[in-house]
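Last residue of the sequence shown? That's 2058 in our numbering, and every number before it is there in order. Glycine included, every Cβ here is placed at the ideal spot set by N, Cα and C. Some notes on the structure that comes next.
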Amino acid sequence: MAIIKSKAKDFNETLYDIQLQRFPYPDGWRDNFIIVIQSSLPLLLMLSLVYSALVITKNVVHEKERKLKESMKMMGLSNWLHWAAWFIKCFVFLLIPMFICSLMLCLSFSSNGRKMLNHSDGYLIFIFLMLYATSGIMFCFFVSTLFYRANIAAAGAGVLWFLTYIPYFFLYNYWFTMSVKSKILACLDFQVAMSFGSYLIGQFEGQGQGVQWSNINQGVTIDDKFTFGHVLMMQVVDIIFYGLLTWYIEGVFPGEYGIPKKFYFPFSKKYWCNVQDLDEERIALTDCDDLENNRKAGEDDSFEEYPEDRKIGIQIQNLRKTFKTEAGIKQAVDDLSLNLYEGEITALLGHNGAGKTTTISMLTGLFPPTSGNAVVNGYDIIYNMDKIRGSLGICPQHNVLFDTLTVEEHLIFFATLKGMKSKQKIEEEVNRMIESIGLSDKRNAESRNLSGGMKRKLSVGNALIGDSKVVILDEPTSGMDVGARRFTWDLLQRERRGRTILLTTHFMDEADVLGDRIAIMASGKVQCYGSSLFLKKRYGVGYHMVMVKTPTCDPSQVQNLIENYVPTAQLESNIGLELSFILPSEYSNKFEELFTEIESNREGLGIASYGASVTTLEEVFIKVGEEQDTQESRSHTALFRQLSGKDQDSTNGTALPTFDAASIPFYQPTYEKNTGWTLFFQRWKAMFYKKILHSKRHKWSLIAQLVVPTINVLLGLIVVRTFPNATASPPLAMDLGMFTKDQYIPYCSSTTSRICTNRTPFYNAFAKALHTESNHAAPNSVNDGFNVTQYVLTKERRDLARFNLQYPVGFEAQQVGNQKYRITGWFNNEALHTSAVTLNLLANILLANFTNNEFTIKSRNYPLPPTTSQSTTDTRMNPVGFQIGLNQNFGMAFVAASFIVFLVQERSSKAKHLQFVSGVDPISYWTSSYLWDMINFMLPCLSIIILFAVFQQEGYRGESLGYIMILFITYGWAVIPMMYIFSYLFQVASTAFVRMTILNILTGLATLLVVYILSIPSIGLVDVAHALKWAFLIFPNYNLGQAMIDLFNNYEFKHVFESEDPVAMCTQFLRHVPGAGQIPSQLIKQMCNESLLSYDSSKLLIYSSPKELRFSFLDIVGANNRFC
935 MAIIKSKAKD FNETLYDIQL QRFPYPDGWR DNFIIVIQSS LPLLLMLSLV
985 YSALVITKNV VHEKERKLKE SMKMMGLSNW LHWAAWFIKC FVFLLIPMFI
1035 CSLMLCLSFS SNGRKMLNHS DGYLIFIFLM LYATSGIMFC FFVSTLFYRA
1085 NIAAAGAGVL WFLTYIPYFF LYNYWFTMSV KSKILACLDF QVAMSFGSYL
1135 IGQFEGQGQG VQWSNINQGV TIDDKFTFGH VLMMQVVDII FYGLLTWYIE
1185 GVFPGEYGIP KKFYFPFSKK YWCNVQDLDE ERIALTDCDD LENNRKAGED
1235 DSFEEYPEDR KIGIQIQNLR KTFKTEAGIK QAVDDLSLNL YEGEITALLG
1285 HNGAGKTTTI SMLTGLFPPT SGNAVVNGYD IIYNMDKIRG SLGICPQHNV
1335 LFDTLTVEEH LIFFATLKGM KSKQKIEEEV NRMIESIGLS DKRNAESRNL
1385 SGGMKRKLSV GNALIGDSKV VILDEPTSGM DVGARRFTWD LLQRERRGRT
1435 ILLTTHFMDE ADVLGDRIAI MASGKVQCYG SSLFLKKRYG VGYHMVMVKT
1485 PTCDPSQVQN LIENYVPTAQ LESNIGLELS FILPSEYSNK FEELFTEIES
1535 NREGLGIASY GASVTTLEEV FIKVGEEQDT QESRSHTALF RQLSGKDQDS
1585 TNGTALPTFD AASIPFYQPT YEKNTGWTLF FQRWKAMFYK KILHSKRHKW
1635 SLIAQLVVPT INVLLGLIVV RTFPNATASP PLAMDLGMFT KDQYIPYCSS
1685 TTSRICTNRT PFYNAFAKAL HTESNHAAPN SVNDGFNVTQ YVLTKERRDL
1735 ARFNLQYPVG FEAQQVGNQK YRITGWFNNE ALHTSAVTLN LLANILLANF
1785 TNNEFTIKSR NYPLPPTTSQ STTDTRMNPV GFQIGLNQNF GMAFVAASFI
1835 VFLVQERSSK AKHLQFVSGV DPISYWTSSY LWDMINFMLP CLSIIILFAV
1885 FQQEGYRGES LGYIMILFIT YGWAVIPMMY IFSYLFQVAS TAFVRMTILN
1935 ILTGLATLLV VYILSIPSIG LVDVAHALKW AFLIFPNYNL GQAMIDLFNN
1985 YEFKHVFESE DPVAMCTQFL RHVPGAGQIP SQLIKQMCNE SLLSYDSSKL
2035 LIYSSPKELR FSFLDIVGAN NRFC
């Protein structure tokens, strides 16, 4: 007023009564939970679905890892249908929890009618949550295409799930400076879209209106054009975006199994359009008989001539497959060409590693061929695999069954995949097949409860059902007993008509009985091909004559007799009472005379009995193998001659080698065994070395243990660098320019009745003052007949959020007497500084009115340094420690869970039982495992320590690094035995890893979040938070995170103590201790005086040390209890 009096000589201060009054506020209640919604809802939603993300990814990859996916695709399942089935399952799986979450957020469960979201539309919240869940499902599908092992996929999904949330920590601090386009672009990260949506929900709730269909396209402020509608739109875009990524990456990089497409396949006309007619796509196989085969039929006596009256079902054309190994390029299949005929069973034989399974894998689309092609049922395997699979049935080498499906359900499922339309026909076919495979009594038994032989029967039934035209059986009778094998032979003989059947087996009698044609492979090539009789004739050594000797038998005399009739006869064996000779088939015309002679001289020769048999297929198989070995030996010999110039003799016999059992030496061990402590340490060393080898051979798991926590802590350290520093605020001008655009300033001229009229004694000065302070502030006259209170309440009830943004102050001039006025400055206290701005505005209005707009008053606020109370509160709620603890605990959750994988694998595979049966004692087993796991655990710990040392983050540097190392050691000491205990609850390693990861997250992150939220003073539950801090100490993961938070907070308290009055700081701090309200203030001050008489700021961490050591001590105690 003094300034106005000095500039306006006619200003009479006594005529103007100046007052300040706050705008009226509509009735309502104070919601302290809003701050939780605004700060923690995104994190809560992210954590709520992390388990589902891990399970979805693990299950999808587990199906791929067990070849279930490719087996279904081989049986005719289309790729889009496979993903659609997974999507529907996951969508329904998440629909119920998202619906429950919506109810929990939007319905009242208390007597006072309060809700978590008091104003938002429940349907809109449900749509938002379901779009988030759906985009999360598509993200998990995308992640599943990047991994081929379920364990690694689960870990990768969890890490990526958290990493996609990290950008929100950065973007949150720049919300008001980001453009709408940049926010929309950031929403391509589905976690950011969810977080932005949660932020808008919290902001709209704070404004008292919530998200509604009416404001779905409105920003939270006038200046912000980014809306909740943008969030919903981008969530839909994310669903499509991740779906397209899944489709493309799976097509180009299908993994270990499947044929990759060209990188440009989405732009290929061949992919989208079937330009040829179906009949034109089929290849005329009968015109391909002149292919350049390995050996053309008829040109090599090892290959029987192809029949001309048979229809070709499968034609293999110069097929090759190579693999990269540590030793170099491995040629698994080498230029293979072969014809298989409809109505016949072709047996493919070969030793392990000969290339049989690789050939089958290429024919069924499991592997792409390196070169060459094959035509199956008229379609080539390169471009028409989908059409091939429509009529293909396959029984893989290893059982590929669904554990929870019954025998009947398996057959129904695969009959459906084969395209059988009628439900009645499917039922009839299933009943027939169940009878055919002999599993009628196991019709409703789940496959996991079947014996090994029954599982093979079911696999054969899956391949045959649905009238499969091409059936490929890879060792179908392995694991069956003799009766079941014979039963399966009869089944295949009955089912052969109209089918092309390719069979691999290691049973020579099986190939002899079933095989219309038999091909024998060695070193990736077909060495011979023909009927059983053809091969026996080609490779047979003749006949085997076996005699039972008497004690008077002279073998040399018998051999002389036989050689009189068969000069080339050879002694095959002379073992015990058995004497065996090989008789070449070209002397078969002499056999009658030979047998007559032996029969007439049996007693003189000392022969009790005798008999003759033809060559077996097993001997043919051995002979082919020997010829291949001889051929390879010759090639090596030729190379040796070429390099050295030397010559070597070689022989090429036609008979199998003879042997004498008496010449085989017996192995008699003579070594001594260790005993006592020497034996204990020997076993312990073996157990420890076993763990080393396992880690060495699983490098990616070891790398993941190191990288996952390191990256999480690294991102946490980067995020906290973006947090604003708690420094003194800069000076601020107290005028309307600090507020947003489009301000409306109510103006009222009234009399003693306080009813606004059209009288405008101060209007010109009012308008001039507004224009001086802000170009975006406009006068807004209150309607006649209203007073300011009525006017404001009407505006607020219509749109409270808009009113708070656009109506910061108001002006009322009330005439209370002759030339006497009461000037009232109205202010909206929802915004900071409005009272000071209002007072400055009133002064400018009066100054403008009496000086004819010649002068203006400018006011600035220079903030005082923060008080002790403010410093204490800011330190306690500083998010840096919480952020570091959160990131670190999330990374450590995966590291801790990884220690359970090998234990579950050993126990479920019976390897642990075998070790214990072999003499390993429990102490050696567990202590060696524990020591190696601790060594592994320290690797990521050291990496994190190095990060802290590099970043020099306040609270985590200098001597604090020693405390951190102690925390890591005690955490590992406690959490590893906890994992060992839980390992007994699981049979599947991937399931154990996922569930223990979630347990670690819940006991590490969820507990920290609960304590952090309840510690917010405005909620009024600080006592509960303090109690939970002690209750949660039983969890090692919580101990680690809370210790990291307290370590930072103690550092901050030390910093404040050094810059503030210690007694005042101590007093303020103790007032927040639970139960301190019952202690007199004078006593608290006396306690602080006495405890700080010998205060030394350099020794303050002595105060903080016991808090961290409390967590370490409890970890050690817990670890000892778990070991016991």
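Asked	Found
Quick check on T1644: buried or exposed, where buried means 16 or more other Cβ atoms within 10 Å of its Cβ?	buried
On the DSSP bridge assignment, give the partners of P1713 in chain order.	I1679
Can you tell me whether D1408 is buried or exposed? The criterion is at least 16 other CB atoms within 10 Å of its CB, across all chains shown.	buried
For the region 1448 to 1459 and the region 1267 to 1276, state whether three or more C-beta atom pairs, one from each stretch, are separated by less than 8 angstroms.	yes
Buried or exposed: C1024, going by 16 or more other Cβ atoms within 10 Å of its Cβ?	buried
For Q1886, is the classification buried or exposed, using 16 other Cβ atoms within 10 angstroms of its Cβ as the cut-off for buried?	exposed
Which two residues bound the contiguous beta strand (DSSP E) that contains H1478?	1477 to 1483
On the three-state DSSP scale, how would you describe L949?	helix
Expressed to the nearest angstrom, what Euclidean distance is found between the alpha-carbon atoms of L1105 and S1078?	28 angstroms
Which residue from S1514, A1830, V1170 puts its Cα closest to that of L1933?	A1830
Should D2064 go down as buried or exposed, given a rule of 16 or more other Cβ atoms within 10 Å for buried?	Residue numbering for the chain in the displayed model covers 935 to 2058; residue 2064 lies beyond these limits and cannot be assessed.
How about the region 1905 to 1916 and the region 1968 to 1981: do they share at least three Cβ pairs that are nearer than 8 angstroms?	yes
Please state if the CB of M1455 and the CB of K1290 are separated by a distance shorter than 8 angstroms.	yes
Use the C-beta contact count for A1018: other C-beta atoms within 10 angstroms, 16 or more gives buried, fewer gives exposed.	exposed
Would you report the Cα separation of N1227 and V1554, rounded to the nearest angstrom?	In this prediction, N1227 has a pLDDT of 47, which is less than 50 and means its spatial position is unreliable; what the coordinates show is noted afterwards. In a straight line, the C-alpha of N1227 is about 22 angstroms away from that of V1554.
If you compare alpha carbons, which of L1425, V1404, A1379, E1380 is closest to G1395?	L1425
At 3 residues or longer, what runs of the beta strand (DSSP E) sit wholly inside the region 1043 to 1111?	none
Within 10 Å of its beta-carbon, does L1011 have 16 or more other beta-carbons around it, so buried, or fewer, so exposed?	buried
Alpha carbon to alpha carbon, how far is Y1521 from V1500?	6 angstroms
Once you ignore the five residues that flank M1009 on each side, which residues in its own chain have a CB closer than 6 angstroms to its CB?	F1348, L1351
Touching or not, the region 1487 to 1501 and the region 1534 to 1554, by the rule of three or more beta carbon pairs under 8 angstroms?	yes
Please identify the residue among M1672, E1746, Q1748 whose C-alpha is closest to the C-alpha of A1711.	M1672
DSSP beta-bridge partners for E1746?	C1682, T1758
Distance, Cα to Cα, N1333 vs K1001?	10 angstroms
Whose C-beta lies closer than 7 angstroms to the C-beta of W1147 among residues of the same chain, with five residues either side of it excluded?	D1055, L1058
Report the partner residues of S1543 according to the DSSP bridge assignment.	V1482
Looking only at its own chain, which residues have a Cβ that is under 7 angstroms from the Cβ of A1940, when we skip the five neighbours before and after it?	L981
The alpha helix (DSSP H) spanning L1495 covers which residue range?	1489 to 1499
Between the alpha carbons of G1144 and N1738, how many angstroms are there, rounded?	15 angstroms
How many angstroms separate the CA atom of G1262 from the CA atom of T1256?	10 angstroms
Helix, strand or coil: which one does DSSP assign to E1409?	coil
At what residues does the beta strand (DSSP E) containing G1327 begin and finish?	1326 to 1329
Quick check: the Cα distance between M1668 and Y1796, rounded to an integer number of angstroms?	10 angstroms
Spatial neighbours of L1097 within its chain, please: C-beta separation below 6 angstroms, excluding the five flanking residues on both sides.	none
To which residues of the same chain is Q1616 closer than 7 angstroms at the C-beta, ignoring the five residues directly before and after it?	N1608
Can you look up K1352 in the DSSP assignment and give me helix, strand or coil?	coil
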